[in-house]
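Visitor: One structure follows; several queries about it will come next.
Protein chains: 2
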Amino acid sequence: MDRLQPTLSDVARRAGVSYATADRVINERGGVAEKSMRRVRAAIEELGYVRNVAAANLAQKRTYRFVFVIPEGPNSFFQRLRSILGEARARLAKARVDIVVENVEAFDATALARCLTRLAGDRIDGIALVGTDDARVCDAIAALRAQGVAVLTLVADVQGAERDGYVGIDNTVAGRTAGRLLLLAHGGRAGRVLPIVGVRTAHDHAERLAGMRQILAASESAVTAAPVIEGRDLHEIVEARLRARLAEDPEITAIYSAGAGNAGLVRVLRDWPAPRPIVVLHELVAHSREALETGLIDVVIDQRPEDEIQGALDCLRAIADRHEPAPPPPVVPTLYLRENLPQTVDSPPTGDPDHE
Amino acid sequence: MDRLQPTLSDVARRAGVSYATADRVINERGGVAEKSMRRVRAAIEELGYVRNVAAANLAQKRTYRFVFVIPEGPNSFFQRLRSILGEARARLAKARVDIVVENVEAFDATALARCLTRLAGDRIDGIALVGTDDARVCDAIAALRAQGVAVLTLVADVQGAERDGYVGIDNTVAGRTAGRLLLLAHGGRAGRVLPIVGVRTAHDHAERLAGMRQILAASESAVTAAPVIEGRDLHEIVEARLRARLAEDPEITAIYSAGAGNAGLVRVLRDWPAPRPIVVLHELVAHSREALETGLIDVVIDQRPEDEIQGALDCLRAIADRHEPAPPPPVVPTLYLRENLPQTVDSPPTGDPDHE
DNA sequence: GGCAAAAAGATAGACGTCAATCATTGTTTG
DNA sequence: CAAACAATGATTGACGTCTATCTTTTTGCC
Chain A
1 MDRLQPTLSD VARRAGVSYA TADRVINERG GVAEKSMRRV RAAIEELGYV
51 RNVAAANLAQ KRTYRFVFVI PEGPNSFFQR LRSILGEARA RLAKARVDIV
101 VENVEAFDAT ALARCLTRLA GDRIDGIALV GTDDARVCDA IAALRAQGVA
151 VLTLVADVQG AERDGYVGID NTVAGRTAGR LLLLAHGGRA GRVLPIVGVR
201 TAHDHAERLA GMRQILAASE SAVTAAPVIE GRDLHEIVEA RLRARLAEDP
251 EITAIYSAGA GNAGLVRVLR DWPAPRPIVV LHELVAHSRE ALETGLIDVV
301 IDQRPEDEIQ GALDCLRAIA DRHEPAPPPP VVPTLYLREN LPQTVDSPPT
351 GDPDHE
Chain B
1001 MDRLQPTLSD VARRAGVSYA TADRVINERG GVAEKSMRRV RAAIEELGYV
1051 RNVAAANLAQ KRTYRFVFVI PEGPNSFFQR LRSILGEARA RLAKARVDIV
1101 VENVEAFDAT ALARCLTRLA GDRIDGIALV GTDDARVCDA IAALRAQGVA
1151 VLTLVADVQG AERDGYVGID NTVAGRTAGR LLLLAHGGRA GRVLPIVGVR
1201 TAHDHAERLA GMRQILAASE SAVTAAPVIE GRDLHEIVEA RLRARLAEDP
1251 EITAIYSAGA GNAGLVRVLR DWPAPRPIVV LHELVAHSRE ALETGLIDVV
1301 IDQRPEDEIQ GALDCLRAIA DRHEPAPPPP VVPTLYLREN LPQTVDSPPT
1351 GDPDHE
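So, in structure tokens, the structure goes:
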């Protein structure tokens, strides 16, 4: 079992070229005849040569430099992302991985594109960014990749961007899952689901909503969807509009919140007379967790940001190590009930739990 | 930002000792005075020295050698584990990680202990094993660890064993989760849940069962548990006993299968007249996946073996790299509905962006 | 055939650690 | 006091790759 791995010298010998030429090929330094390239590549194939990353990293005194671009603002989910990254930092430093978190104004494509362009100046190995659809963002991503920087989209993809991968859930799937849960919880009886989104135009929320409706429509049960509330992802607005709607529509049997601002939703439920409606919402954060633990809500659909970040890091590292093609880690929406909550979920250090 | 990492030479200088002595300390070669050890350790602390794993691995020509000990037999879940390991193999080889899978007779503590003892002879960096409770297994684990081999338990822990960690779910939590799901699906109405286990004495199944009962008992609803079926984890037995029981007890509204042999359960459901009972079972394998997709069952509680293996590998690697304390990756039971099934090779994603 | 450019070869130091050897201290002990 | 021993110092050659420099050979072209 101890057959030793071939080195680049072995490859060179096999290809009948000098070490220098073999090196020029694998490091793409140019100035090599097509014929020699082919012979080197063939030798690599034949010997099953794999570049020794440890040796390469040593010679280069490499530390991996990865940047995460996260939207700013009061959104608890992004605070959670930041918190996870902060905790991962010390651990990663020991593996010579340096992580920088860049904050950009949420939903501001101009700021995002500017940030990416600025980062192109630094010598960076990879970037994971929460996407915003925009042509300039696409261009900035293309420019980065042309420089050899690995680029992943995280949580939200960028339409039309040529990135190395997307790490996040499929929002239509998430919505369908919510739909199935709602059907299950109605147990064949009739019902009326009240959907809440941030704004109707946000395509992630729209996809979730559409997914849920699909499932309700496809079933034979009499569960229907009520008109949508737009909560702007702001807890005060969610609270006010939800309170009003519940008062005027007593037929509501369930609530599906596809967006943020759920602190407001929780406040409404807290003083609502029993029986409360079935409630499904997204993202496990401080207040949704608490609401689940106290039985105010039924299900939280989470995208496991810890896993997403881990997956993104693994992927960025693989690309940096030239272990292509990097395996794109599939993320599936995860369901949390009161009983299967993970033990260690960070409480955001900054905050005012009321403020989502 | 570019302050370079201190090397062991820097540490030695700071401690006022020679490189050789510092080396003797960090590699525990012995023959060093207590006073010198303390000074070296202090210097490491002060400088924030972190051993350069890349250099170390190069110098040692290291390839990580990890062994997974998996029970043999027809159980689809363990076959799935094996399949995941097989796929991971090629990918890991490029990172100089060598994986060996050892198969041992299921539930045979003697065979497991013998296998572990045999492995102690090979020079191995780490072992992940599916546990069976037994004193000899505990001893074998202790012996391995005394030799410097990292030992993790996977999926099933070993009572009383001093292992480096357990990667798997808490079965009580899984059972409680099932209970909550069943309550949710009954939507406040009365019901009668039929539990199926392998054998009553298997403590993982017993824990799941107890967890489920806890939740039913704690609720105010009129959902009760029927007497348990013992299916021996064999599909023929499950099928026969389940068919008999359903025939004699028309009050059954739901089934919770805590063990294996669910292919038999699926066969019963396939020709059962509507409305079928609510069904919750464990582990996403070929037949449970298909049953979910065709709407024969409602929920699969999975422990995400891919994540468990990934977590185990990360953990073993961290210990091998002496990056202690290795972070124990928490695994939480995951719920799959028809809609949020992970993609497989045979079921490609819907609406995948056209990149790469 | 001569000349420049392109391609290839040759070589060497560095990266930080490991593992080994040998020499040099200082301390204990008979 | 000498011998034995423990602790320490000093040094060296790997390990495989990167990077740079310099030389030699081949190729293309007029």
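In the order they appear, the protein sequences are chains A and B. First residue of the first sequence? That's 1 in the numbering used here, and the numbers climb one at a time after it. First residue of the second sequence? That's 1001 in the numbering used here, and the numbers climb one at a time after it. Ideal placement from N, C-alpha and C gives every residue a C-beta, glycine not left out.
Grouping DSSP H, G and I as helix and E and B as strand, with all else coil, what is A/F107?
Guide: Three-state result, A/F107: coil.
Visitor: Could you spell out the range, first to last residue, of the alpha helix (DSSP H) harbouring B/I1044?
Guide: Here the alpha helix (DSSP H) through B/I1044 covers E1034 to L1047.
Visitor: Put A/A150 into one of helix, strand or coil per three-state DSSP.
Guide: Strand at A/A150.
Visitor: So, with DSSP's three-state summary, where would you put A/P305?
Guide: The answer is helix: DSSP assigns A/P305 an H, G or I state.
Visitor: Rounded to a whole number of angstroms, what is the C-alpha to C-alpha distance between B/I1309 and B/R1082?
Guide: When rounded, the distance between both Cα atoms is 10 Å.
Visitor: So, for A/R39: in the same chain, excluding its five sequence neighbours on each side, which residues have a beta-carbon less than 8 Å away from its beta-carbon?
Guide: A15, G16 and V17.
Visitor: Under a Cβ-count criterion, where at least 16 other Cβ atoms within 10 Å of its own Cβ denotes burial, should B/Q1388 be classed as buried or exposed?
Guide: The requested residue 1388 of chain B is not part of the displayed model; chain B covers only 1001 to 1356.
Visitor: Is B/A973 helix, strand or coil by DSSP?
Guide: Chain B is shown only over 1001 to 1356; residue 973 of chain B falls outside these bounds and no answer can be derived.
Visitor: Spell out the partners DSSP gives B/E1102 in its beta bridges.
Guide: Per DSSP, B/V1069.
Visitor: Between A/I297 and A/V332, is the Cβ-Cβ spacing less than 9 Å?
Guide: No, the Cβ-Cβ distance between A/I297 and A/V332 is not below 9 Å.
Visitor: List the whole-angstrom C-beta distance separating A/A357 from A/I301, where the pair is believed to meet the contact cut-off of C-beta under 8 Å.
Guide: In the structure displayed, chain A extends from 1 to 356; residue 357 of chain A sits before or after that span and is not available.
Visitor: Taking only the alpha-carbon atoms, compute the straight-line gap between A/D346 and B/R1245 and give it to the nearest angstrom.
Guide: At A/D346 the pLDDT is 44, less than 50, meaning the model places this residue with poor confidence and gives no usable figure here.
Visitor: Measuring CB to CB, does B/G955 end up less than 9 Å from B/G1198?
Guide: For residue 955 of chain B there is no data in the structure shown, the boundaries of chain B being 1001 and 1356.
Visitor: Can you look up B/R979 in the DSSP assignment and give me helix, strand or coil?
Guide: Since the displayed chain B opens at 1001 and closes at 1356, residue 979 of chain B lies outside it and no answer follows.
Visitor: Measuring alpha carbon to alpha carbon, tell me which residue in B/Q1147, B/R1080, B/D1125 and B/G1295 is nearest B/V1100.
Guide: Considering only alpha carbons, the answer is B/D1125.
Visitor: What are the boundary residues of the alpha helix (DSSP H) that includes A/R338?
Guide: It is not in any alpha helix (DSSP H) - A/R338 carries neither H nor E in the DSSP assignment.
Visitor: Taking a contact to mean a Cβ-Cβ separation below 9 Å, would you say B/T1172 touches B/A1156 in this structure?
Guide: For B/T1172 and B/A1156, no; Cβs fall outside 9 Å.
Visitor: So for A/A254, helix, strand or coil by DSSP?
Guide: A/A254: strand per DSSP, three-state reduction.
Visitor: Where does A/T7 fall in DSSP's three states?
Guide: If DSSP states are grouped into helix, strand and coil, A/T7 belongs with coil.
Visitor: Would you call the region 1281–1289 of chain B in contact with the region 1076–1091 of chain B, where contact means no fewer than 3 C-beta pairs closer than 8 Å?
Guide: Because the criterion of three Cβ pairs below 8 Å is met, the region 1281–1289 of chain B and the region 1076–1091 of chain B touch.
Visitor: Hey, which unbroken runs of the beta strand (DSSP E) at 3 residues or more fall wholly within the region 1181–1226 of chain B?
Guide: For the region 1181–1226 of chain B, whole beta strand (DSSP E) runs of length 3 or above, ordered along the chain, are 1191–1197 and 1223–1225.
Visitor: How is A/L129 classed by DSSP in three states: helix, strand or coil?
Guide: In this structure, A/L129 counts as strand in the three-state DSSP scheme.
Visitor: Check whether chain B comes within 9 Å of A/I99, counting only Cβ atoms and requiring the distance to be less than that.
Guide: Chain B, which has no Cβ nearer than 9 Å to the Cβ of A/I99, makes this no.
Visitor: So is B/V1067 in contact with chain A if we call contact Cβ pairs under 9 Å?
Guide: No, B/V1067 does not count as interfacial toward chain A.
Visitor: If we cut at 9 Å on Cβ distances, does A/D321 have a partner in chain B?
Guide: Yes, A/D321 counts as interfacial toward chain B.
Visitor: For A/G168, which residues in the same chain have their Cβ closer than 8 Å to its Cβ, ignoring the five residues on either side in sequence?
Guide: The residues are T153, L154, V155, A156, D157, Q303, E308 and V331.
Visitor: Can A/L194 and A/A225 be called in contact, C-beta distance under 9 Å?
Guide: For A/L194 and A/A225, yes; Cβs fall inside 9 Å.
Visitor: Leaving aside the five residues before and after A/I237 along the sequence, list all residues of the same chain whose C-beta is less than 6 Å from its C-beta, in chain order.
Guide: G231.
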